[in-house]
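Under this note's numbering, the residue at position 82 of the sequence shown is numbered 243, and the numbers go up by one with no gaps.
Here the structure comes first, spelled out in structure tokens, and everything after it is commentary.
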Amino acid sequence: MDAVNKIADVIVIKVKQLLEFQEDIDLDEDLIALGLNSMDLMALSVDLEDIFNIDFKPEELLFKNFSSIRKLSGLIEKKMNG
């Protein structure tokens with residue numbers, strides 16, 4: 162399993178906990194459509210910063226970067242690698 166998939170697995174767990182969601186979430190599913198709001202985005206970003214030992218810049222805390230698990234996984238992998 163590659164790094165992005167491992168990151169995605171963690172994000173899926175966190176999003177399901179945050180949104181109290183029971184069903185499977187597709188990696189390309191629109192998280193905003195599932196109910197992710199600005200408060201959830203902030204809570205998720207703090208959790209992910211702690212888990213992956215990264216820091217999101219303020220300009221990265223946009224819905225477009227958190228719109229799907231795949232996009233968010235890619236952003237986190239990029240931050241971890243460089």
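Even glycine gets a Cβ: it sits at the ideal position worked out from N, Cα and C.
This one's a predicted model, so the numbers in the text were calculated from it and none came from an experiment.
Short Cβ contact (9 Å threshold) for residue i with residue j
i, j, result
"ILE212", "VAL176", "no"
"PHE227", "SER206", "yes"
"GLU238", "VAL165", "yes"
"LEU202", "LEU222", "yes"
Rounded separation between residue i and residue j - CA only
i, j, result
"GLY196", "PHE217", "22 Å"
"LYS240", "ILE215", "7 Å"
"LEU209", "GLN178", "13 Å"
"ASN198", "ALA204", "10 Å"
"GLU184", "ASP163", "24 Å"
"ALA194", "LEU236", "20 Å"
Classification of residue i by the beta-carbon crowding that lies within 10 angstroms, buried from 16 upward
i, result
"GLU220", "exposed"
"ILE168", "buried"
For the pair the stretch 175-190 and the stretch 228-235, tell me if three or more CB-CB distances fall below 8 Å. Yes, since at least three Cβ pairs between the stretch 175-190 and the stretch 228-235 fall closer than 8 Å, the two stretches touch.
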